[in-house]
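Quick note: the sequence shown uses numbering that gives the first Met the number 0, first residue 0, plus one each step.
What follows is a single structure, written as structure tokens, with notes after it.
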Amino acid sequence: MFTNDNTECSTKISIISQNKFDQWLIKQSIFNKNWCLSNNFKGEKGKILKIPYDDGRLKEVVIGEGKNADLSGISSFSSTNIGNYFSFLKYSDSSETDVQKAWIWGQHQLRHKTSQNSLYVKDKDKIKFLNHYSKATKLSLDLINMPANELNPLTFNNIVKNHKLFSKFYFKKYTDSQIKKLFPLTYAVGKSSNIHPQFLQVSNKKINNKDQPIVIIGKGVTFDTGGVNIKPGNSMRNMKKDMGGASIALSLFLLSSYLLKKSKIVLLIPAAENSISSKAMRPGDVYNSRSGKSIEISHTDAEGRLLLADAMELANELNPSIIIDFATLTGAARVALGEDLPAYFCNHEPTIKKIEMLNSRKLRCWRLPLFKNYKSKLQSKVADLCNASLDGMAGSITAALFIEEFILSPKTPWVHFDTYAWSSGSMISSKGAALQGLDIMSDFLNENFS
């Protein structure tokens, strides 16, 4: 996929921004200019132009990225062409790393095929990281894409524990009886299924009470029927992806453990199926959280936040330096921002400023407010709070406010991603699993915790 031997990579790939197309074109030979004109190439996003030598051999590949640094073209080219290449980015608006990651996403589209092309990368250490990035994201994508008859809470747990990427990490095992006692909200969701809920806890180093680790949390609902408040058929179709937050968290843990050699990092994944049975939780049921906070179930399809509540309360006990969670939580976030731009919430102004600094370089997420006035929507007459508001308004905000209730100290920085974990095939990924929010939080941790 990558090589640092530039003698192997004979074909140049020029990535051209539509904003800089005229600057690039004026430097070209008469032949290249005429070839662009004949093929109506102007640097539009996703457009690929192959320029030949006089004898017909491939001389150069020119890929347009449009006006907004869209790298779908390089991703598409990586997945469909055999050869050895080096990239030329003088007239691109994209970074070298973004191009290299887009190359990887194209390779992921090959599924079970072996890569037969390579891209030149000068730095050997960079190649090692890119190969690790490729393996981590491939695992996460494969888990999201697995059908629910193959992936359940138990198989998810076993795949992670037995995967070679996790072979040097530290796992804490929980029995069924411990999960019922220690993670009662996860149990409340998962007891409807004959596959018992699981709780995955793994760290890159041994943890003690003084360590202040980075804690990464992912929602692991391996299939979501909606429970007794059953989803409509169209809404249930892709609910195998409802563990997408867990998969994104998994990749962030792997990347951060690789990059942040001195940091202690903990991954927490509560996993359950939200099924329909005589054991399923019902609207009006009341359950106590790990800390004893009572929750009235106002809607059984607001189950993911219950899993996150358990994980948040455990995270408090680890004395974290920061908590980051990912969840395919609400349709409201998708309605507001679409599938490619995930919503995030944060309770800590310095952390917000650092994320927005990254966003100023390249927009990858959008902050929504933790608007405290909406807490009243979660009030219950019989419990400490309800798990969901029923008025249909500000669903993503009220979900985030619910989760925030389980953070013990308001001084603990917390970042919550309400993400989609799916793509219709736009941008750089093919149709299916996607890892929205991963790269920006990997960059955030690398820049602030290394």
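Every residue, glycine too, gets a C-beta built ideally from N, C-alpha and C.
Exposed or buried, residue i, counting other C-beta atoms within 10 Å across all chains shown (16 or more means buried)?
{"i": "Ile25", "result": "exposed"}
{"i": "Pro146", "result": "exposed"}
{"i": "Thr79", "result": "exposed"}
{"i": "Leu142", "result": "buried"}
{"i": "Gly55", "result": "exposed"}
{"i": "Pro152", "result": "buried"}
{"i": "Lys207", "result": "Note that residue 207 corresponds to Asn in the displayed sequence, not to Lys. It counts as exposed."}
{"i": "Leu36", "result": "exposed"}
{"i": "Phe443", "result": "buried"}
{"i": "Met242", "result": "buried"}
{"i": "Ile439", "result": "buried"}
{"i": "Gln22", "result": "exposed"}
{"i": "Arg360", "result": "exposed"}
{"i": "Leu504", "result": "Since the first and last residues shown for the chain are 0 and 449, residue 504 lies out of range."}
Considering residue i, what are the terminal residues of the beta strand (DSSP E) in which it resides?
{"i": "Ala326", "result": "Ile321 to Ala326"}
{"i": "Asn287", "result": "Val285 to Asn287"}
{"i": "Lys49", "result": "Ile47 to Pro51"}
{"i": "Tyr84", "result": "Gly82 to Phe87"}
{"i": "Ile264", "result": "Ile264 to Asn273"}
{"i": "Ser202", "result": "Gln197 to Ser202"}
{"i": "Thr221", "result": "Gly219 to Asp223"}
For residue i, does the three-state DSSP call read helix, strand or coil?
{"i": "Gly337", "result": "coil"}
{"i": "Gln435", "result": "coil"}
{"i": "Val314", "result": "The amino acid occupying residue 314 in the given sequence is Ala; Val does not appear at that position. Helix at Ala314."}
{"i": "Ile213", "result": "strand"}
{"i": "His415", "result": "strand"}
{"i": "Glu43", "result": "coil"}
{"i": "Tyr119", "result": "strand"}
{"i": "Tyr343", "result": "strand"}
{"i": "Asp241", "result": "helix"}
{"i": "Glu355", "result": "helix"}
{"i": "Ile15", "result": "strand"}
{"i": "Ser422", "result": "strand"}
Distance, Cα to Cα, residue i vs residue j?
{"i": "Asp284", "j": "Lys125", "result": "52 angstroms"}
{"i": "Gly45", "j": "Asn38", "result": "14 angstroms"}
{"i": "Glu338", "j": "Ser293", "result": "33 angstroms"}
{"i": "Gly394", "j": "Leu367", "result": "11 angstroms"}
{"i": "Lys204", "j": "Tyr257", "result": "12 angstroms"}
{"i": "Ile213", "j": "Asp390", "result": "35 angstroms"}
{"i": "Trp34", "j": "Ser74", "result": "23 angstroms"}
{"i": "Lys371", "j": "Met235", "result": "31 angstroms"}
{"i": "Leu336", "j": "Tyr419", "result": "10 angstroms"}
{"i": "Gln181", "j": "Lys172", "result": "Reading off the sequence shown, one finds Leu at residue 181, where the question assumed Gln. Distance between the alpha carbons of Leu181 and Lys172: 12 angstroms."}
{"i": "Ile215", "j": "Leu251", "result": "8 angstroms"}
{"i": "Ile321", "j": "Ala187", "result": "27 angstroms"}
{"i": "Tyr286", "j": "Glu295", "result": "7 angstroms"}
{"i": "Pro269", "j": "Ala68", "result": "36 angstroms"}
{"i": "Met0", "j": "Phe168", "result": "27 angstroms"}
{"i": "Asn5", "j": "Asn31", "result": "24 angstroms"}
{"i": "Asn233", "j": "Phe85", "result": "44 angstroms"}
{"i": "Lys260", "j": "Ser449", "result": "8 angstroms"}
{"i": "Asn318", "j": "Asp210", "result": "7 angstroms"}
{"i": "Ser191", "j": "Leu249", "result": "25 angstroms"}
{"i": "Phe416", "j": "Ala301", "result": "16 angstroms"}
{"i": "Ala432", "j": "Cys364", "result": "17 angstroms"}
{"i": "Val61", "j": "Asn157", "result": "44 angstroms"}
With distances taken between CB atoms, is the gap from residue i to residue j smaller than 8 angstroms?
{"i": "Gly63", "j": "Gln17", "result": "yes"}
{"i": "Glu59", "j": "Ile50", "result": "yes"}
{"i": "Leu307", "j": "Asp324", "result": "yes"}
{"i": "Leu377", "j": "Ser288", "result": "no"}
{"i": "Lys218", "j": "Leu328", "result": "yes"}
{"i": "Leu400", "j": "Lys380", "result": "no"}
{"i": "Gly226", "j": "Ala279", "result": "yes"}
{"i": "Thr224", "j": "Ser274", "result": "yes"}
{"i": "His298", "j": "Asn237", "result": "no"}
{"i": "Asn315", "j": "Leu407", "result": "yes"}
{"i": "Thr10", "j": "Asn83", "result": "yes"}
{"i": "Ser166", "j": "Ser441", "result": "no"}
Using a Cβ-Cβ distance under 8 angstroms, would residue i count as near chain D?
{"i": "Leu138", "result": "Here there is only one protein chain, and chain D is not present."}
Tell me the residue span of the alpha helix (DSSP H) that contains residue i.
{"i": "Glu403", "result": "Gly394 to Glu403"}
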